[in-house]
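Okay, so here's the structure we're looking at.
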Amino acid sequence: MTRQEILEQTLEIVHECVPETEGQELKESSVINTDTAIDSMGFTLIICRLEATFNVKIPDRQWQKLYTLGDVVDAIEKRLK
Amino acid sequence: MRFSSFDELLRYYAKNTPQAPALQFETAGKLQTLDYAALYETIQSRSAVLKRSGHTCLGLFCDGSFACVVELFAAVSAGLQVVLLNENATAQQLQLTDVDTLWGDDDLTQPLLSACTGSAPNGAGQLLFFTSGTTAKTKAVALTEKSLCASAYNGGALLPLAPQDRLLCMLPIDHVFGFVCGLLWGLSCGACVALGRGPRHYFDDCAFFRPTALSAVPLLLGFLLQKNLLSDSLRLILIGAGDCPTQIPAALQAMGIRVSFGYGLTETSSGVALSLGSDPYAMTVCPDDTITLAEDGEILIHCPSCMMQGYYKDAEATTAVLQNGVLHTGDLGSFDAQGLLHIIGRKKEILVLRDGTKIFLPEYERDLAAALAGKDFAVIEENGTITLVLRGDNSERDAVQRAIEPVMQTQPFGRRIKQIRFVNQPLPRTATGKIKRWVLQQKVVTE
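So the sequence lines, in the order shown, correspond to chains X and L.
Per the numbering used here, the very first residue in the first sequence carries number 208; after that it's consecutive.
Per the numbering used here, the very first residue in the second sequence carries number 1189; after that it's consecutive.
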C-alpha cells in the first residue's frame, strides 16, 4: 500500500468519525489540534478505526506524539512494513 | 458504611457478603467476576509479599487493570506509601515523593528505576496524587486511606449504590475523582465495580459491562452521548472534574438517567458537594463538610475527615491554601435560597477543561512567551477548548502556528492550543500587568 493510499483512507476515516471536518482542506501537514475540528475523543475514535482498517496497533502511549495528520500516516506506514 | 481503612472496608464485605461481585474486568475477551471474599484474599496474599519486600514507597503506574487495583490496595495494606502515577511520570516526581520501587509495564518502569532512591518510613497508609498539569513545580497532594474512605462515604451517603449495582470505572485512577468516584464509591457501598479497558474501549465498554452507574468527565460523556454509546442499563451518572454544557445533563435526563454533579478538589479527597435534585448545577454539601464563602465569593472548605495532609514536603504551598483547617479553593461560588451551592467561576489562574485536565496559565503562558516573543497574548478557554488570543491580524496565523509548534509538541493532546484568535486592541490588563481573563473571555465570546 502506498503512502498516498494510506493518506486517502486516513482522511476518509477522519471525515467519517468527525463529520465537522467535512469541507475542511486536510493534508499531511495539518496540525490535528488547530487545523481541524478534531477533539481528543474524536482523535481516539479515529485511531481505533484506523487500527481496525489497517490491522495495525499503535500503542496508546504513542498517541500523544501524533501531532499532524502526516504523523498519523507515518505511524501506520511504519507498522504496515 | 463508614470505614477508616481499605482493609477494614474489604474485610467487612468479605465477611458479610462474601459471594457478592466486587470487581469485573476483561481477560482475553471474556468477562471475569471476582467476589468480595476472593478479592480480599488476593489482596491479603499480595500484601504479605509486599510487607516482606522491605520497600517503603511504591510508585504505581495506574493502568486501571485488575492487577493494578490489587497492587494499590495491597501496598497500602502492607504499610507502604503509594504514589499514583500516569505514563508521563518523571524522575523528578519519583524523587520528590521518595519512591523506592515501581509497579507497571517495563517500558514505563525501566527508564525510571535509577530515580527510585528514596525512602518513606513514615508514610504508611498515605497516598500521593499529583495535581494535574503543573510542570515547573510539581506538587503531590498527600491523602490517607482514611480521608479517601471518608470521601467515598460522603458520596455514598448522598448517592447510595446497592449491592446489585455495577459502577463502571472509565476514568484514570491516578486522578482522585477517578479513584474515589470510579472505584472507591462502589466498593464502599458493597456494589460491583467494572474496570474499564482504557481509551481503546471507550466505544464499547458500556455495551460490554452494562453498568447501572457511571462516573465521567463532561468531554467523555458528551462523546458517549453523541455516538449513542451509553447502555440502557444506566440509571445514574455522576459528572465531575470540569465545566459541563447544559445540553449534556438535559439529554441524559431525557433518557431517564439520574444525573448528579460533583464538586471537589484533590485536596479534599474528591467531592464535597453533590447535586441531588432535578437541577444538576445546584449542589448539596456532603455530610462531613462545611462550605462558606469569602467576601469575594471564594469557596472555603472545612472538612477535617477528608482534608489533605498537605502538599508533600511543601509546607509553604500548603500554608498558602490551607489556613486553620480551611481550604481556600480559588473557585468562586454562591448559595441559592435553598442553601444549595452553585459554582460560578474561578479566581485562580487555572483552566479546567471538560476532560478534567487542569492548566496552570502563568506557567503555560511562560512556556509560550519565548516562542511568541514580544507578542501581546493570553490563553483562555472558549467552549471547552484552549484558545490563544493575540493582538494582531489573521495574516499572522501561519507564523504564529509555526512559532508555537515546538512548544505544543511537548504537550499531551488535551493540553494543546486548539484555536487561535486575533484581536485588534491591546489585551485588557490590570495596573500590575496581569491579564483580566474574565474581561478578555467576555470580549472574545461576544465578538
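Ideal Cβ positions, reconstructed from N, Cα and C, are used throughout, including at glycine.
Buried versus exposed, by CB contacts within 10 Å (16 or more), residue i
i	result
SER1401 (chain L)	The residue you asked about is not Ser; residue 1401 (chain L) is Ala in the sequence shown. So ALA1401 (chain L) counts as buried.
LYS285 (chain X)	exposed
ASN240 (chain X)	buried
ALA1308 (chain L)	buried
THR1598 (chain L)	exposed
ARG1240 (chain L)	exposed
THR1230 (chain L)	buried
ALA1404 (chain L)	buried
LYS1327 (chain L)	buried
GLN1630 (chain L)	exposed
ASP1539 (chain L)	According to the sequence as given, residue 1539 (chain L) is Leu; it is not Asp. It is buried - the Cβ of LEU1539 (chain L) has at least 16 other Cβ atoms within 10 Å.
GLU227 (chain X)	exposed
ALA1324 (chain L)	Because ALA1324 (chain L) sits at a pLDDT of 45, beneath the cut-off of 50, its placement in the model cannot be relied upon, and the following sentence gives the value as read from the coordinates. By the neighbour-count rule (16 or more Cβ atoms within 10 Å), ALA1324 (chain L) is not buried but exposed.
ASP1251 (chain L)	buried
MET208 (chain X)	exposed
MET1443 (chain L)	exposed
ASP1293 (chain L)	exposed
ALA1525 (chain L)	exposed
SER1233 (chain L)	exposed
ALA1216 (chain L)	exposed
LEU1238 (chain L)	buried
LYS1218 (chain L)	exposed
GLU223 (chain X)	exposed
GLY1414 (chain L)	Going by the sequence as given, residue 1414 (chain L) is Gln instead of Gly. With fewer than 16 other Cβ atoms within 10 Å, it is exposed.
ALA1508 (chain L)	exposed
ALA1262 (chain L)	buried
ASP1195 (chain L)	buried
ILE213 (chain X)	buried
For residue j and residue i, believed in contact at Cβ under 8 Å, the rounded distance
i	j	result
ASP1288 (chain L)	GLY1267 (chain L)	Not a contact, Cβ separation roughly 13 Å.
CYS1369 (chain L)	GLY1428 (chain L)	6 Å
ARG1446 (chain L)	LEU1412 (chain L)	About 16 Å separates the two Cβ atoms, so there is no contact after all.
VAL1567 (chain L)	LEU1549 (chain L)	6 Å
TYR1499 (chain L)	THR1285 (chain L)	Going by Cβ atoms, the distance from TYR1499 (chain L) to THR1285 (chain L) rounds to 11 Å, so no, they are not a contact pair.
ILE265 (chain X)	VAL221 (chain X)	Incorrect: roughly 15 Å between the Cβ atoms, too far for contact.
LEU1515 (chain L)	LEU1488 (chain L)	7 Å
ILE1668 (chain L)	ILE1608 (chain L)	Because chain L here runs from 1189 to 1635, residue 1668 (chain L) falls outside it and cannot be looked at.
GLU235 (chain X)	LEU276 (chain X)	6 Å
THR251 (chain X)	TYR1390 (chain L)	6 Å
Residue j beta carbon less than 7 Å from that of residue i
i	j	result
SER1419 (chain L)	ARG1385 (chain L)	no
ARG1534 (chain L)	GLY1572 (chain L)	no
ALA1202 (chain L)	TYR1224 (chain L)	yes
ASN1342 (chain L)	PRO1475 (chain L)	yes
LEU1426 (chain L)	SER1448 (chain L)	yes
LEU1347 (chain L)	ALA1330 (chain L)	no
PRO1616 (chain L)	ARG1579 (chain L)	no
GLY1247 (chain L)	VAL1271 (chain L)	yes
SER1457 (chain L)	LEU1260 (chain L)	no
GLY1485 (chain L)	LEU1520 (chain L)	yes
SER1192 (chain L)	LYS1334 (chain L)	yes
CYS1438 (chain L)	LEU1528 (chain L)	In the sequence under discussion, the amino acid at residue 1438 (chain L) is Ala, which differs from the Cys named in the question. It is not a contact, given that the beta carbons lie outside the stated cut-off.
ALA1303 (chain L)	LEU1273 (chain L)	no
GLY1242 (chain L)	GLN1269 (chain L)	no
SER237 (chain X)	GLY1602 (chain L)	no
PHE1249 (chain L)	LEU1301 (chain L)	no
VAL289 (chain X)	ILE245 (chain X)	The structure shown does not extend to residue 289 (chain X), since chain X is modelled only from 208 through 288, so no value can be given for it.
GLY1374 (chain L)	LEU1349 (chain L)	yes
LEU1417 (chain L)	ILE1436 (chain L)	no
THR1454 (chain L)	VAL1364 (chain L)	yes
GLN271 (chain X)	PRO1299 (chain L)	no
GLY1513 (chain L)	HIS1490 (chain L)	yes
Residues that residue i contacts on chain C, provided the C-beta gap is smaller than 7 Å
i	result
GLN1597 (chain L)	Any reference to chain C falls outside this structure, whose protein chains are X and L.
Handout entry: Touch test, the segment 1373-1391 of chain L against the segment 1206-1221 of chain L, Cβ-Cβ under 8 Å, three pairs minimum
Key = Yes, the segment 1373-1391 of chain L touches the segment 1206-1221 of chain L.
Practice task
Please determine if the segment 1451-1462 of chain L and the segment 1472-1479 of chain L are in contact, where contact requires at least 3 C-beta pairs separated by less than 8 Å.
Solution key: yes
Exercise for the section: Please determine if the segment 1580-1599 of chain L and the segment 1545-1561 of chain L are in contact, where contact requires at least 3 C-beta pairs separated by less than 8 Å. Expected result: yes
Exercise for the section: Name, going along the chain, the residues of the segment 1599-1616 of chain L whose beta-carbon falls closer than 9 Å to a beta-carbon of chain X. Expected result: GLN1599, PRO1600, PHE1601, GLY1602, ARG1604, ILE1605, LYS1606, GLN1607, ILE1608
Problem - the segment 216-229 of chain X / the segment 273-283 of chain X touching (three or more Cβ pairs under 8 Å) - result: yes
Exercise for the section: Taking only beta carbons into account, state which residues of the segment 1367-1387 of chain L come closer than 9 Å to chain X, listed in chain order. Expected result: GLY1386, PRO1387
Practice task
Pair every Cβ in the segment 1486-1505 of chain L with every Cβ in the segment 1336-1354 of chain L, then say whether three or more of these pairs are closer than 8 Å.
Solution key: yes
Handout entry: Interface residues of the segment 252-263 of chain X facing chain L [CB-CB below 9 Å]
Key = LEU252, ILE254, CYS255, GLU258
Handout entry: Residues of the segment 1272-1292 of chain L with Cβ closer than 7 Å to any Cβ of chain X, in chain order
Key = GLU1275
Practice task
Taking a Cβ distance cut-off of 9 Å, strictly less, list which residues of the segment 1388-1418 of chain L are near chain X, in chain order.
Solution key: ARG1388, HIS1389, TYR1390, PHE1391, LEU1407, LEU1408, GLY1410, PHE1411, LEU1412, GLN1414, LYS1415
Practice task
Name, going along the chain, the residues of the segment 1579-1590 of chain L whose beta-carbon falls closer than 7 Å to a beta-carbon of chain X.
Solution key: For the segment 1579-1590 of chain L, which is checked against every Cβ of chain X, the residues closer than 7 Å are GLN1589.
Handout entry: Short-range partners of chain L found in the segment 229-241 of chain X, where Cβ spacing is below 8 Å
Key = Under the 8 Å Cβ criterion, the segment 229-241 of chain X contributes VAL238, ILE239, ASN240, THR241.
Practice task
Compile a chain-ordered list of the residues in the segment 1532-1548 of chain L whose CB is closer than 7 Å to at least one CB of chain X.
Solution key: ASP1543
Practice task
Give, in chain order, every residue of the segment 1206-1232 of chain L whose Cβ lies closer than 8 Å to some Cβ of chain X.
Solution key: none
Exercise for the section: With 7 Å as the C-beta to C-beta threshold (strictly closer), list the residues of the segment 1298-1314 of chain L near chain X in chain order. Expected result: Cβ contacts with chain X come from no residue of the segment 1298-1314 of chain L.
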